[in-house]
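Quick note on this note's numbering: the sequence shown kicks off at 3 and runs consecutively. Beta carbons are placed, not taken as given, at the ideal position from N, Cα and C, and that holds for glycine. If you're wondering where the values come from, they're calculated on a predicted model, not measured in any experiment. These notes concern the structure reproduced below.
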Amino acid sequence: MTDIDWDELRSAAVEAMEKAYAPYSRYRVGAAALVSDGRIVTGCNVENASYGVGLCAECGLVGNLHMTGGGELVAFVCVNNDGETIMPCGRCRQLLNEFAIPGMLLETVSGIRTIDEVLPDAFGPRDLEAAR
Ligand code: THU
């Protein structure tokens, strides 16, 4: 998968970031991913007065993925207020892993990485299948 338009994906993430609801941290995040069928899904962080229940941008993104037809994530990027690429937090790497193609690509602060590189030896759906 060498033909990913990272500029297009980053622009979609920036557009999503502009919709963020982050009155508490003032740290707006936008996430965008290319889906296996070619569509792009996005999400923004949505905070809450009960701080701990705030939602990361990736939460919205996976909800959007599922609600708009499902499929698998092929490539992912998330950005901050300044449009700079940031790392998805640990919990969100797990969220992404659930729907990732094997070897899903992420644009990260240290270049293009695979999901396995940023979440090694992940626990995932196959572990549950094996236990059935
Ligand atoms: N945040 C995300 O939306 N995604 C991440 O992967 C990192 C953190 C949000 C959560 C919170 O609203 C704000 O960034 C500051 O932590």
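For Ile117, the secondary structure class from DSSP, reduced to helix, strand or coil, is helix.
Residue environment for Gly62: buried (at least 16 other C-beta atoms within 10 angstroms of its C-beta). In this structure, the straight-line span from the alpha carbon of Gly45 to that of Asp5 is close to 23 angstroms. Beta bridge pairing from DSSP links Thr44 with Ala34. The continuous alpha helix (DSSP H) containing Ala132 extends over residues 127-133. Counting along the chain, Glu109 sits inside the beta strand (DSSP E) bounded by residues 102-110.
Rounded to whole angstroms, Val16 and Tyr23 show a C-alpha spacing of 14 angstroms.
The beta carbon of Ile114 lies closer than 6 angstroms to those of Leu107 in the same chain, with the five residues before and after it left out. Relative to the ligand THU, Pro25 has its C-beta separated by 7 angstroms or more from all heavy atoms. Relative to the ligand THU, even the nearest heavy atom lies 7 angstroms or more away from the CB of Gly54.
Straight-line measurement puts the Cα of Leu97 at about 7 angstroms from the Cα of Glu60. The C-alpha of Val55 lies about 7 angstroms from the C-alpha of Glu49.
Between Val37 and Val31, the C-beta gap is not smaller than 8 angstroms, which leaves the two residues out of contact.
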